[in-house]
Amino acid sequence: MTLTIRRFLDALVHPSVRHDTLTSARHRAFIGPRLLGSFALLACFPLYVVLRGEPGAIEVFCFAWLVAPIAVSYFLSRTGRFKLAHALSATSLAVLITVVSLHSGGIASFAAVWLVAVAIEGVLSTSRRGIIFSIALALVCAAFLALVGYAGLLPDSFVSPETQSFFESVGIASLLGYSAALAFLVQRLGHTSRGLLNAEESRYRLLARNMSDVISRHRRNGAIEFISPAAASVFGAPVGELSGHGLFDRVHVAE
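Heads up: take any position in the sequence shown, counting from 1, add 841, and you land on the working numbering.
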């Protein structure tokens, strides 16, 4: 089952990034949860109607909104524009949170806490502009809710005082679940990145150790952090002594 889902997601990754392991992993991490999660929740709509009865306007809006993550995932799959897809995803989430908050108490709504998720959305965009956009979007939505509430223009809340604490608990618990899922996702992408880095390092060292030419890698200040074994015979000193500034200490500046 897991392999089938993986192959399905691989097929949705844009061809331009399939050769890049880390980038394709980011695309799968974006498409998978949004696509599968939205389809799963949409499939629950008939059961929700049976248990809940006739849904209200806000409930219909929330279920209709589930089309947005599917559309954004399709956009990324067709264009490969990862940063723009994140911006669209953050915007659609901000719209949902703002609409629900307007009808459930404004800035004091149980849903308003989810504006934090809008700001967090930018973390995975791998773009400073994406992070700034997400944070600014969350702040604008929060300011809008506060101003509407201050002006007394909020519509009647669909949340009764008796169920207010329940909805607040659901809002906080769901946000914690989202944050936990995001943390695991970041950890997994970090693990993939480290694995690729280690593999590249191994290939680099294998190449360097089997060449007669001297190959070195330097830090920004010029200090050597790696030098090939061939340096020992060329410079007549152990490789360990050439690390750091050891090589340059043996260079006569006047020459």
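Virtual Cβ for every residue (Gly too), placed ideally from N, Cα, C.
Mind checking if residue i is an interface residue toward chain C, Cβ cutoff 8 Å exclusive?
i: Pro-1002; result: Among the protein chains of the structure shown there is no chain C, as only one such chain exists.
Can you check which of these residues, the options, is closest to residue i by C-alpha distance?
i: Ala-984; options: Gly-971, Ala-949 and Ile-961; result: Ala-949
i: Arg-867; options: Val-901, Pro-1079, Cys-903 and Gly-921; result: Gly-921
i: Asp-861; options: Tyr-915, Ala-960 and Ser-1034; result: Ser-1034
i: His-855; options: Glu-1082, Arg-869, Ser-1010 and Ile-846; result: Arg-869
i: Ile-1097; options: Leu-988, Ala-952, Leu-1023 and Val-890; result: Residue 1097 is absent from the structure shown; the chain starts at 842 and stops at 1096.
i: Leu-863; options: Ser-1006, Ala-979 and Arg-1029; result: Arg-1029
i: Gly-978; options: Gly-1081, Val-959 and Arg-893; result: Note that residue 978 corresponds to Leu in the displayed sequence, not to Gly. That would be Val-959, whose Cα lies nearest to the Cα of Leu-978.
i: Val-957; options: Ser-968, Thr-967, Ser-975 and Leu-965; result: Ser-975
i: Cys-982; options: Val-1055, Ser-942 and Gly-878; result: Ser-942
i: Ile-911; options: Pro-1079, Leu-1017 and Ser-879; result: Ser-879
i: Phe-1008; options: Asp-997, Ala-952, Val-989 and Asn-1039; result: Ala-952
i: Val-1027; options: Ser-966, Phe-886, Arg-848 and Val-890; result: Ser-966
i: Pro-874; options: Gly-1081, Phe-1025 and Ser-1069; result: Phe-1025
i: Gly-1077; options: Arg-1060, Arg-893, Asn-1062 and Val-1055; result: Val-1055
i: Ala-884; options: Val-1075, Arg-848 and Phe-904; result: Phe-904
Quick one: what's got a C-beta closer than 6 Å to residue i's C-beta in the same chain, skipping five residues either side?
i: Phe-1067; result: Arg-1058
i: Trp-906; result: Leu-937
i: Gly-971; result: Lys-924, His-927 and Gly-963
i: Ala-909; result: Ser-933
i: Ala-1145; result: Residue 1145 falls outside the range modelled here, since the chain spans only 842 to 1096, and no answer is possible.
i: Tyr-1019; result: Ala-958
i: Phe-886; result: Phe-904
For the beta strand (DSSP E) that residue i lies in, which residues bound it at each end?
i: His-868; result: That residue, His-868, is in no beta strand (DSSP E); its alpha helix (DSSP H) goes 862 to 884.
i: Glu-1066; result: 1065 to 1068
i: His-1059; result: 1057 to 1059
Could you spell out the range, first to last residue, of the alpha helix (DSSP H) harbouring residue i?
i: Ser-1084; result: That residue, Ser-1084, is in no alpha helix (DSSP H); it is neither H nor E in DSSP.
i: Arg-1098; result: What is shown of the chain runs 842 to 1096, which leaves residue 1098 out entirely.
Less than 8 Å between the CB atoms is what I'm expecting for residue i and residue j, so what's the real figure, rounded?
i: Ser-914; j: Leu-876; result: 5 Å
i: Gly-947; j: Leu-980; result: The pair is not a contact, with the Cβ atoms about 15 Å apart (cut-off 8 Å).
i: Ser-930; j: Ile-872; result: Not really, about 11 Å apart at Cβ, beyond 8 Å.
i: Leu-1083; j: Ala-1072; result: 6 Å
Apart from the five residues just before and just after residue i, which ones in its own chain have a Cβ nearer than 7 Å to its Cβ?
i: Phe-999; result: Gly-897, Ile-899, His-944 and Ser-945
i: Phe-902; result: Val-940
i: Val-954; result: Gly-1012, Ile-1013 and Leu-1016
i: Val-1080; result: Ile-1068, Pro-1070, Ala-1072 and Ala-1073
For residue i, I'd like the list of residues in its chain whose CB is within less than 8 Å of its CB, leaving aside the five on either flank, ordered along the chain.
i: Ser-865; result: Asp-851, Val-854, Val-858 and Arg-859
i: Val-989; result: Leu-943, Gly-947 and Leu-995
i: Ile-973; result: Gly-963
### Length-filtered (4 minimum) alpha helix (DSSP H) runs lying within the stretch 981 to 1050
1005 to 1050
### Task
Only counting runs of 4 or more residues, tell me where the alpha helix (DSSP H) segments fall wholly within the stretch 942 to 967, in order along the chain.
Counting only runs of 4 or more, we get 956 to 962.
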